[in-house]
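In what follows, a structure is listed as C-alpha coordinates, so that the remarks can point back to it.
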Amino acid sequence: MSIDIIDFDKPVPKHVAVIMDGNGRWAKKHGFAARLKGHEAGAETIRAVLRACDNTGVRYLTLYAFSTENWKRSKTEVAGLMELLRRFLIKNIDELIEKGIRLRAIGQIDRLPNGTRKELERSIEKSKHNTKLDLILALSYGSRTEIVDCIRQIASIVKDGKLAPEDISEETVKQHLYAPDIPDPELLIRTSGEMRISNFLLWQISYSEIYVTPTLWPDFREDDFYEAIADYQNRSRRYGGRKN
8 MSIDIIDFDK PVPKHVAVIM DGNGRWAKKH GFAARLKGHE AGAETIRAVL RACDNTGVRY
68 LTLYAFSTEN WKRSKTEVAG LMELLRRFLI KNIDELIEKG IRLRAIGQID RLPNGTRKEL
128 ERSIEKSKHN TKLDLILALS YGSRTEIVDC IRQIASIVKD GKLAPEDISE ETVKQHLYAP
188 DIPDPELLIR TSGEMRISNF LLWQISYSEI YVTPTLWPDF REDDFYEAIA DYQNRSRRYG
248 GRKN
(Lines of atoms letter the chains of each structure in order from A; the text may use other names.)
(Lines give C-alpha, C1' and ligand atoms only; values in the text may rest on other atoms or scores of the structure.)
Protein backbone atom coordinates (compact mmCIF):
# COMPACT_ATOMS: atom_id res chain seq x y z
CA MET A 8 0.00 0.00 0.00
CA SER A 9 1.25 3.51 -0.79
CA ILE A 10 0.17 7.08 -1.34
CA ASP A 11 -1.31 5.92 -4.66
CA ILE A 12 -4.47 4.84 -2.83
CA ILE A 13 -5.29 8.52 -2.24
CA ASP A 14 -7.36 10.27 -4.91
CA PHE A 15 -6.02 13.81 -5.11
CA ASP A 16 -9.04 14.82 -7.17
CA LYS A 17 -11.04 14.40 -3.95
CA PRO A 18 -10.71 16.58 -0.83
CA VAL A 19 -7.92 15.75 1.61
CA PRO A 20 -8.68 16.74 5.22
CA LYS A 21 -7.17 20.08 6.13
CA HIS A 22 -6.94 19.12 9.81
CA VAL A 23 -6.28 15.62 11.15
CA ALA A 24 -6.39 14.86 14.89
CA VAL A 25 -4.87 11.70 16.33
CA ILE A 26 -5.36 9.81 19.59
CA MET A 27 -1.98 8.08 19.86
CA ASP A 28 -2.91 4.90 21.72
CA GLY A 29 -1.18 1.56 22.27
CA ASN A 30 2.31 2.50 23.48
CA GLY A 31 2.02 0.46 26.67
CA ARG A 32 0.67 -2.58 24.86
CA TRP A 33 3.44 -2.30 22.28
CA ALA A 34 6.06 -2.34 25.06
CA LYS A 35 4.45 -5.41 26.66
CA LYS A 36 4.14 -7.17 23.30
CA HIS A 37 7.86 -6.67 22.66
CA GLY A 38 8.88 -7.88 26.12
CA PHE A 39 9.74 -4.54 27.72
CA ALA A 40 8.91 -4.17 31.40
CA ALA A 41 8.78 -0.38 31.17
CA ARG A 42 5.87 1.22 29.31
CA LEU A 43 8.18 4.10 28.48
CA LYS A 44 9.85 1.95 25.81
CA GLY A 45 6.57 2.10 23.90
CA HIS A 46 6.46 5.87 24.19
CA GLU A 47 10.04 6.08 22.93
CA ALA A 48 9.12 3.95 19.91
CA GLY A 49 6.03 6.09 19.36
CA ALA A 50 8.17 9.20 18.97
CA GLU A 51 9.43 7.87 15.63
CA THR A 52 5.82 7.48 14.50
CA ILE A 53 5.34 11.24 14.92
CA ARG A 54 8.10 11.81 12.38
CA ALA A 55 6.46 9.32 9.99
CA VAL A 56 3.06 10.99 10.28
CA LEU A 57 4.62 14.41 9.69
CA ARG A 58 6.14 13.07 6.48
CA ALA A 59 2.74 11.71 5.45
CA CYS A 60 1.10 15.08 6.17
CA ASP A 61 3.71 16.75 3.98
CA ASN A 62 3.06 14.28 1.17
CA THR A 63 -0.72 14.70 1.28
CA GLY A 64 -1.02 18.42 1.99
CA VAL A 65 -2.59 18.19 5.44
CA ARG A 66 -2.31 21.66 6.99
CA TYR A 67 -2.97 20.97 10.69
CA LEU A 68 -2.06 17.91 12.78
CA THR A 69 -3.19 17.69 16.40
CA LEU A 70 -1.67 14.90 18.51
CA TYR A 71 -3.12 13.85 21.87
CA ALA A 72 0.23 13.59 23.62
CA PHE A 73 -0.66 13.79 27.33
CA SER A 74 -4.10 14.09 28.90
CA THR A 75 -5.14 15.65 32.20
CA GLU A 76 -5.97 12.11 33.33
CA ASN A 77 -2.41 10.96 32.56
CA TRP A 78 -1.18 12.86 35.62
CA LYS A 79 -2.68 9.97 37.64
CA ARG A 80 -0.07 7.56 36.29
CA SER A 81 2.97 6.64 38.37
CA LYS A 82 5.43 9.44 39.11
CA THR A 83 8.14 7.44 37.36
CA GLU A 84 6.16 7.11 34.13
CA VAL A 85 5.04 10.75 34.16
CA ALA A 86 8.59 11.97 34.76
CA GLY A 87 9.81 9.73 31.95
CA LEU A 88 7.18 11.06 29.56
CA MET A 89 8.04 14.66 30.37
CA GLU A 90 11.74 14.02 29.83
CA LEU A 91 10.98 12.18 26.59
CA LEU A 92 9.05 15.19 25.34
CA ARG A 93 11.88 17.54 26.30
CA ARG A 94 14.44 15.41 24.46
CA PHE A 95 12.16 15.02 21.43
CA LEU A 96 11.91 18.79 21.11
CA ILE A 97 15.65 19.33 21.47
CA LYS A 98 16.40 16.63 18.91
CA ASN A 99 13.78 17.53 16.31
CA ILE A 100 12.96 21.25 16.47
CA ASP A 101 15.58 22.31 13.92
CA GLU A 102 14.32 19.72 11.43
CA LEU A 103 10.72 20.78 12.06
CA ILE A 104 11.66 24.38 11.33
CA GLU A 105 13.56 23.37 8.20
CA LYS A 106 10.41 21.62 6.94
CA GLY A 107 8.23 24.66 7.58
CA ILE A 108 6.43 23.20 10.61
CA ARG A 109 5.06 25.48 13.28
CA LEU A 110 4.86 23.92 16.73
CA ARG A 111 1.92 24.80 18.97
CA ALA A 112 0.43 23.42 22.17
CA ILE A 113 -2.98 23.32 23.82
CA GLY A 114 -3.80 22.37 27.40
CA GLN A 115 -2.70 23.31 30.89
CA ILE A 116 0.89 23.94 29.87
CA ASP A 117 1.69 25.58 33.21
CA ARG A 118 1.42 22.14 34.86
CA LEU A 119 4.38 20.75 32.91
CA PRO A 120 7.73 20.41 34.71
CA ASN A 121 9.82 23.55 34.43
CA GLY A 122 12.47 22.10 32.10
CA THR A 123 9.94 20.56 29.73
CA ARG A 124 7.76 23.67 29.69
CA LYS A 125 10.70 25.96 28.93
CA GLU A 126 11.87 23.73 26.07
CA LEU A 127 8.33 23.65 24.69
CA GLU A 128 8.01 27.43 24.89
CA ARG A 129 11.41 27.86 23.25
CA SER A 130 10.45 25.54 20.40
CA ILE A 131 7.11 27.27 19.90
CA GLU A 132 8.80 30.66 19.75
CA LYS A 133 11.53 29.42 17.43
CA SER A 134 9.05 27.97 14.91
CA LYS A 135 6.32 30.62 15.11
CA HIS A 136 6.88 32.06 11.63
CA ASN A 137 6.50 28.73 9.80
CA THR A 138 3.38 28.31 7.69
CA LYS A 139 3.48 24.92 5.93
CA LEU A 140 2.05 22.76 8.73
CA ASP A 141 0.86 23.45 12.25
CA LEU A 142 1.78 20.63 14.63
CA ILE A 143 -0.42 21.03 17.71
CA LEU A 144 0.52 19.00 20.77
CA ALA A 145 -2.34 18.46 23.24
CA LEU A 146 -0.42 18.42 26.53
CA SER A 147 -1.98 18.20 29.97
CA TYR A 148 -5.13 18.48 27.89
CA GLY A 149 -8.70 17.52 28.67
CA SER A 150 -11.62 18.67 26.56
CA ARG A 151 -13.99 19.04 29.52
CA THR A 152 -11.42 21.27 31.21
CA GLU A 153 -11.10 23.31 28.01
CA ILE A 154 -14.86 23.79 27.85
CA VAL A 155 -15.04 24.76 31.55
CA ASP A 156 -12.24 27.30 31.02
CA CYS A 157 -14.15 28.63 28.03
CA ILE A 158 -17.37 28.99 30.05
CA ARG A 159 -15.52 30.83 32.80
CA GLN A 160 -14.08 33.32 30.32
CA ILE A 161 -17.47 33.98 28.74
CA ALA A 162 -19.14 34.27 32.16
CA SER A 163 -16.57 36.87 33.18
CA ILE A 164 -17.27 38.90 30.04
CA VAL A 165 -21.01 38.72 30.70
CA LYS A 166 -20.45 39.72 34.34
CA ASP A 167 -18.51 42.80 33.19
CA GLY A 168 -21.46 43.82 31.03
CA LYS A 169 -19.54 43.40 27.78
CA LEU A 170 -21.75 40.61 26.43
CA ALA A 171 -25.45 39.84 26.83
CA PRO A 172 -26.29 36.18 27.59
CA GLU A 173 -28.67 36.04 24.62
CA ASP A 174 -25.81 37.06 22.33
CA ILE A 175 -23.70 34.01 23.21
CA SER A 176 -23.35 31.88 20.08
CA GLU A 177 -21.38 28.89 18.86
CA GLU A 178 -18.86 31.36 17.47
CA THR A 179 -18.53 32.93 20.93
CA VAL A 180 -17.63 29.52 22.35
CA LYS A 181 -15.17 28.80 19.55
CA GLN A 182 -13.36 32.09 20.10
CA HIS A 183 -12.68 31.17 23.74
CA LEU A 184 -11.32 27.68 23.18
CA TYR A 185 -7.57 27.09 23.46
CA ALA A 186 -6.83 27.54 19.73
CA PRO A 187 -9.74 29.42 18.14
CA ASP A 188 -7.93 30.04 14.86
CA ILE A 189 -7.52 26.35 14.05
CA PRO A 190 -10.32 24.79 11.96
CA ASP A 191 -12.17 21.78 13.35
CA PRO A 192 -10.65 18.40 12.40
CA GLU A 193 -12.32 16.72 9.45
CA LEU A 194 -10.72 13.42 10.45
CA LEU A 195 -10.00 11.88 13.85
CA ILE A 196 -7.71 8.83 13.90
CA ARG A 197 -7.43 6.53 16.90
CA THR A 198 -4.83 3.77 16.96
CA SER A 199 -4.88 0.47 18.91
CA GLY A 200 -8.53 -0.36 18.20
CA GLU A 201 -10.16 1.26 21.23
CA MET A 202 -13.58 2.78 20.49
CA ARG A 203 -13.38 5.83 22.74
CA ILE A 204 -12.96 9.59 22.35
CA SER A 205 -11.14 9.84 25.71
CA ASN A 206 -12.01 13.48 26.45
CA PHE A 207 -10.32 14.78 23.29
CA LEU A 208 -11.57 17.83 21.35
CA LEU A 209 -15.21 17.15 22.25
CA TRP A 210 -16.45 20.47 20.84
CA GLN A 211 -14.21 20.43 17.78
CA ILE A 212 -14.95 16.89 16.54
CA SER A 213 -18.74 17.32 16.38
CA TYR A 214 -18.69 16.51 12.66
CA SER A 215 -15.32 14.79 12.31
CA GLU A 216 -15.07 11.46 10.55
CA ILE A 217 -13.68 8.88 12.97
CA TYR A 218 -11.21 6.24 11.81
CA VAL A 219 -10.13 3.50 14.22
CA THR A 220 -7.27 1.15 13.39
CA PRO A 221 -6.08 -1.86 15.43
CA THR A 222 -2.47 -0.85 14.68
CA LEU A 223 -0.60 0.19 17.82
CA TRP A 224 0.78 3.72 17.69
CA PRO A 225 4.50 2.72 17.55
CA ASP A 226 3.73 0.55 14.49
CA PHE A 227 1.69 3.24 12.70
CA ARG A 228 3.49 4.53 9.59
CA GLU A 229 2.92 6.53 6.43
CA ASP A 230 0.92 3.80 4.68
CA ASP A 231 -1.44 3.57 7.66
CA PHE A 232 -1.99 7.31 7.45
CA TYR A 233 -2.66 7.10 3.72
CA GLU A 234 -5.20 4.34 4.35
CA ALA A 235 -7.03 6.58 6.83
CA ILE A 236 -7.11 9.43 4.29
CA ALA A 237 -8.39 7.12 1.56
CA ASP A 238 -11.12 5.84 3.89
CA TYR A 239 -12.10 9.44 4.67
CA GLN A 240 -12.38 10.22 0.96
CA ASN A 241 -14.87 7.38 0.48
CA ARG A 242 -17.30 8.73 3.07
CA SER A 243 -20.25 11.03 2.44
CA ARG A 244 -20.01 14.13 4.66
CA ARG A 245 -23.56 15.44 5.09
CA TYR A 246 -23.29 17.43 8.34
CA GLY A 247 -26.72 16.23 9.44
CA GLY A 248 -28.35 16.85 6.05
CA ARG A 249 -29.76 14.33 3.62
CA LYS A 250 -27.91 13.27 0.52
CA ASN A 251 -29.78 14.15 -2.67
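Using the numbering used here, read the sequence shown as starting at 8 and increasing by one per residue.
Where is the CB? At the ideal position from N, CA and C, for every residue including glycine.
In this text the structure is predicted, and so the values were computed from the model without any measurement.
My assumption, with CB atoms under 8 Å, is that residue i sits in contact with residue j. Please give the rounded CB distance.
| i | j | result |
| --- | --- | --- |
| residue 225 | residue 48 | 4 Å |
| residue 207 | residue 145 | 7 Å |
| residue 216 | residue 197 | Not quite, the Cβ-Cβ distance comes to about 12 Å (not below 8 Å), so this is no contact. |
| residue 67 | residue 136 | At roughly 17 Å, the Cβ-Cβ gap does not stay under 8 Å, so residue 67 and residue 136 are not in contact. |
| residue 153 | residue 12 | Not confirmed; about 34 Å, so no contact. |
| residue 191 | residue 218 | Contact flag wrong, Cβ pair sits at about 16 Å. |
| residue 229 | residue 55 | 5 Å |
| residue 42 | residue 84 | 6 Å |
Going by DSSP, what residues sit across from residue i in a beta bridge?
| i | result |
| --- | --- |
| residue 194 | 23 and 216 |
| residue 69 | 24 and 143 |
| residue 110 | 142 |
So the candidates are the options; which of them puts its Cα closest to the Cα of residue i?
| i | options | result |
| --- | --- | --- |
| residue 199 | 16, 11, 29 and 228 | 29 |
| residue 88 | 178, 38, 167 and 31 | 31 |
| residue 177 | 137, 161, 166 and 93 | 161 |
| residue 92 | 81, 243, 189 and 128 | 128 |
| residue 209 | 155, 236, 57 and 14 | 155 |
| residue 20 | 195, 169, 42 and 219 | 195 |
| residue 17 | 63, 9 and 174 | 63 |
Should residue i be labelled buried (16 or more other beta-carbon atoms within 10 Å of its own) or exposed?
| i | result |
| --- | --- |
| residue 111 | buried |
| residue 44 | buried |
| residue 202 | exposed |
| residue 141 | buried |
| residue 158 | exposed |
| residue 251 | Because the pLDDT at residue 251 is just 44, under 50, the model does not fix this residue reliably, and the value given afterwards should be weighed accordingly. Exposed is the call here. |
| residue 14 | exposed |
| residue 236 | buried |
| residue 75 | buried |
Taking the beta strand (DSSP E) that residue i falls in, what are its first and last residues?
| i | result |
| --- | --- |
| residue 130 | From DSSP, residue 130 is part of no beta strand (DSSP E) but of the alpha helix (DSSP H) over 121 to 133. |
Go to residue i, then tell me how far its alpha helix (DSSP H) extends in each direction, as first and last residue.
| i | result |
| --- | --- |
| residue 32 | 30 to 36 |
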